[in-house]
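**Q**
Protein chains: 2
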Amino acid sequence: MKGASVVPITVAGLKSACSQCNLQELCLPFGLDHTEIDRLDELVATRRKVKRQQHLYRAGEAFEAIYAIRTGSFKTDVILEDGREQVTGFQMTGEILGLDGISSEHHSCNAVALEDSEVCIIPFAKLEELSREVEALQHQFHKVMSREIVRDHGVMMLLGSMRAEERLAAFLLNMSQRFTARGFSPAEFHLRMTREEIGSYLGLKLETVSRAFSRFQEDGLVSVQQKHIRILDIPGLKKLMHHPQFT
Amino acid sequence: MKGASVVPITVAGLKSACSQCNLQELCLPFGLDHTEIDRLDELVATRRKVKRQQHLYRAGEAFEAIYAIRTGSFKTDVILEDGREQVTGFQMTGEILGLDGISSEHHSCNAVALEDSEVCIIPFAKLEELSREVEALQHQFHKVMSREIVRDHGVMMLLGSMRAEERLAAFLLNMSQRFTARGFSPAEFHLRMTREEIGSYLGLKLETVSRAFSRFQEDGLVSVQQKHIRILDIPGLKKLMHHPQFT
DNA sequence: GACCCTGTTTGACCTGGATCAAACAGCGAT
DNA sequence: ATCGCTGTTTGATCCAGGTCAAACAGGGTC
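Order-wise, the sequence lines are chains A and B.
For what it's worth, this note's numbering labels the leading residue of the first sequence as 118, then goes sequentially.
For what it's worth, this note's numbering labels the leading residue of the second sequence as 118, then goes sequentially.
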């Protein structure tokens with residue numbers, strides 16, 4: 118499915134990007150007709166491979182493009198002067214990276230690949246240009262940005278109002294749901310991030326994350342083997358979220 | 118400056134909205150030339166007054182417009198089934214409300230006036246239409262959305278990685294900076310929200326917020342009288358944020 | 001195979017902020 | 001002036017999650 122390793126495809130390279138991509142319905146092309154997708158294709162002519170642990174961009178760098186994840190996954194984080202790191206999100210295929218850079222023309226966070234990954238480069242000036250002509254693209258782009266805002270509000274809810282086990286349950290259910298949307302099993306998946314990264318995202322220490330996993334396993338909610346997760350009781354996890362203290 | 122009380126101005130009413138508004142540089146008109154602002158004016162023809170404690174919109178309601186705050190201030194919040202509330206933000210004049218609704222065509226949070234306020238109604242379909250024609254408007258709108266994303270990341274940092282007093286210091290410095298941008302004193306202002314709302318926003322209980330205020334006062338960093346705040350030592354507050362544990 | 005290195009699990013203890021509770025202050029209504 | 005209501009402050013106690021520490025597991029390298 119994913120061509121063995123066609124590194125940075127030059128504009129002259131194979132021109133089939135979005136039109137051939139099976140992530141259309143999760144990504145920018147959603148809602149566009151064939152002709153419109155072809156126009157988007159011209160724009161998204163180049164890709165970039167990012168190896169595990171490498172940065173796609175760093176806070177402070179000039180902003181020029183947004184990125185759509187073709188394969189792999191990323192984390193975004195913000196780092197304080199004193200070194201404290203806050204993971205602001207985990208991104209999977211079809212999701213858009215870099216929206217934070219529009220406001221100041223500089224990226225405001227770091228994007229790091231959690232595994233060897235590939236992104237489509239979408240030059241932002243060109244995207245604005247095309248979305249002035251293609252209504253459906255404009256609208257879809259606005260939805261993508263808005264979705265990011267809604268997602269962020271969910272994370273705030275999580276960080277501000279939930280206890281440790283609720284946070285982890287919410288996280289697992291969210292991952293499950295996103296894997297499902299990509300055609301994978303809702304119940305069994307491989308986490309690409311460490312306990313520490315999960316902890317940073319959830320506002321917890323890695324030990325607390327680990328303990329919560331163990332507790333879930335004891336309670337028969339999930340089966341955990343390192344990064345391999347099998348969710349055994351989705352309703353159980355959901356209930357846990359709505360009844361903070363064990364009923 | 119603000120006409121005594123011209124309630125919901127009908128489209129036929131006085132047509133001077135953005136072009137006469139002294140919040141231009143904080144709001145959507147930023148970067149537009151005169152002719153462009155006139156076109157925006159046609160779009161932003163109606164306003165709405167919202168009394169203290171009243172909702173501008175509620176989670177679940179159909180999304181039709183975004184709102185620019187003309188006078189007053191708001192909070193936005195998300196409420197869980199079990200009643201837990203998370204305040205996701207406090208908004209002041211010139212700031213835009215409702216962006217969360219674009220993604221699903223329904224609002225995903227509540228917007229409540231913290232004092233008697235007035236907003237400009239910006240029908241979203243029309244805004245998209247106009248921003249397809251006016252490049253500067255399109256770009257400014259994208260910046261506004263992106264700024265919201267960046268702001269949200271800052272809140273995550275706050276909720277996920279900072280201790281109570283750092284959070285309150287960050288909050289006060291942020292308020293100070295926003296009042297300054299509006300031509301008010303950086304050092305002395307009136308908070309429109311309760312301790313409980315601040316607490317919800319910062320992921321703390323109101324008692325903790327109150328105690329942190331008292332501590333700041335003891336340490337000579339601020340002078341607090343109910344909702345009236347006078348910041349005495351801005352560098353001191355900043356230092357506190359970077360050195361979590363006292364020195 | 002033995003080694004190392006990174007990430008994970010588990011235990012013991014500690015503490016920052018939550019919880020519970022009471023007093024207090026401002027303010028609108030009568 | 002008095003009442004009552006909402007919001008705030010302060011004190012006393014508790015506990016969820018942090019901290020410190022040790023053992024362990026997997027996966028790559030020589």
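Don't be surprised by glycine CBs; every beta carbon is placed ideally from N, CA and C.
Because the structure is a prediction, the values reported are computed rather than measured.
1. Going by DSSP, name the residue or residues bridged to B/C144.
2. Tell me which same chain residues have a C-beta within less than 6 Å of the C-beta of A/G130, skipping the five on either side of it?
3. In three-state DSSP terms, what is B/D217?
4. Would you tell me roughly how many angstroms separate the C-alpha atoms of A/L354 and A/G320, rounded to the nearest one?
5. Rank B/D217, B/C135, B/Q294 and B/I238 by C-alpha distance to the C-alpha of A/H415 and give the top, closest one.
6. Hey, does A/Q362 have any beta-carbon neighbour from chain B nearer than 8 Å?
7. Please report how far the alpha carbon of B/T210 lies from the alpha carbon of B/M292, in whole angstroms.
8. Could you have a look at B/K344 and say whether DSSP puts it in helix, strand or coil?
9. Would you check if the distance between the CB atom of A/I213 and the CB atom of A/L289 is smaller than 8 Å?
10. From which residue to which residue does the alpha helix (DSSP H) around B/V261 run?
11. Which of the residues in the stretch 309 to 325 of chain A, read from start to end, lie with their CB under 8 Å from any CB of chain B?
12. Once the 5 residues before and after B/L323 are set aside, which same chain residues still bring their CB inside 7 Å of it?
13. How big is the Cα-Cα spacing for A/T325 and B/C135?
14. Quick one: Cα of B/A228 to Cα of B/K166, how far?
15. Measure the Cβ-Cβ separation of B/L160 and B/Q257 and say whether it is below 8 Å.
16. Name the chain A residues that come within less than 7 Å of B/I219, Cβ to Cβ?
17. So which of A/L143, A/R156, A/Q141 and A/C226 has the shortest CA-CA distance to A/E250?
18. Whose C-beta lies closer than 8 Å to the C-beta of B/S225 among residues of the same chain, with five residues either side of it excluded?
19. If you measure beta-carbon to beta-carbon, which residues of the stretch 229 to 257 of chain B are closer than 8 Å to chain A?
20. For B/R268, count the other beta carbons within 10 Å of its own beta carbon; 16 or more makes it buried, fewer makes it exposed. Which is it?
21. Got a sec, what are the start and stop residues for the alpha helix (DSSP H) B/D199 sits in?
22. If we call anything under 8 Å between Cβ atoms a contact, is A/F147 one with A/I183?
23. Could you name the residues of the same chain whose beta carbon sits closer than 6 Å to that of A/M118, not counting the 5 residues immediately before and after it, in chain order?
24. Nearest chain B C-beta to A/E153 closer than 8 Å, yes or no?
25. Note down, one range per segment and in chain order, each beta strand (DSSP E) of at least 3 residues found wholly within the stretch 288 to 356 of chain A.
26. At the level of alpha carbons, what is the spacing between B/L149 and B/Q141?
**A** Walking through what the data contain:
1. Under the DSSP definition of a beta bridge, B/C144 lacks any partner.
2. For A/G130, the predicted structure reports a pLDDT of 45, less than 50, and the residue's modelled location is therefore unreliable. A value from the coordinates is still provided. Beyond the five residues adjoining it in sequence on each side, A/G130 comes within less than 6 Å, by CB distance, of no other residue in the same chain.
3. B/D217 sits in a helix when the DSSP states are folded into three classes.
4. Taking the straight line from one Cα to the other gives about 19 Å.
5. Here chain A comprises residues numbered 118 to 364, so residue 415 of chain A is not present and cannot be evaluated.
6. Note that A/Q362 scores 47 on pLDDT, short of 50, meaning its location in the model is unreliable; the coordinates nonetheless yield the value given after this. A/Q362 has a beta carbon lying at 8 Å or more from every beta carbon in chain B.
7. The straight-line gap from Cα to Cα measures roughly 12 Å.
8. Taken through DSSP and simplified to helix, strand or coil, B/K344 comes out as coil.
9. It is not a contact, given that the beta carbons lie outside the stated cut-off.
10. Element bounds for B/V261: E252 to S278.
11. The residues in question are S317, Y318, L319 and G320.
12. Cβ neighbours of B/L323 beyond the five flanking positions: R312, E313 and G316.
13. Put simply, the backbone Cα of A/T325 is about 51 Å away from that of B/C135.
14. Each residue's alpha carbon lies about 13 Å from the other.
15. No, they are not a contact pair.
16. Residues of chain A passing the Cβ test: H259, K260 and S263.
17. Checking every option, the nearest Cα to that of A/E250 belongs to A/R156.
18. Result list for B/S225: A176, V195, D217 and G218, in chain order.
19. Taking 8 Å as the upper bound on Cβ-Cβ separation, chain A lies near residues E245, S248, R249, E250, E252, Q255 and H256 of the stretch 229 to 257 of chain B.
20. B/R268 should be labelled buried.
21. It is not in any alpha helix (DSSP H) - B/D199 carries neither H nor E in the DSSP assignment.
22. No, these two residues do not count as a Cβ contact at 8 Å.
23. Any reading at A/M118 must be qualified, since the residue scores a pLDDT of 41, below 50, and its modelled position is unreliable; the value itself is stated next. The beta carbon of A/M118 sits closer than 6 Å to no other beta carbon from its chain once the five residues preceding and following it are set aside.
24. Not one chain B Cβ lies under 8 Å of A/E153.
25. If you keep only unbroken beta strand (DSSP E) runs of at least 3 residues inside the stretch 288 to 356 of chain A, you get 305 to 307, 339 to 342 and 345 to 348.
26. Looking at the two C-alpha atoms, the distance is approximately 9 Å.
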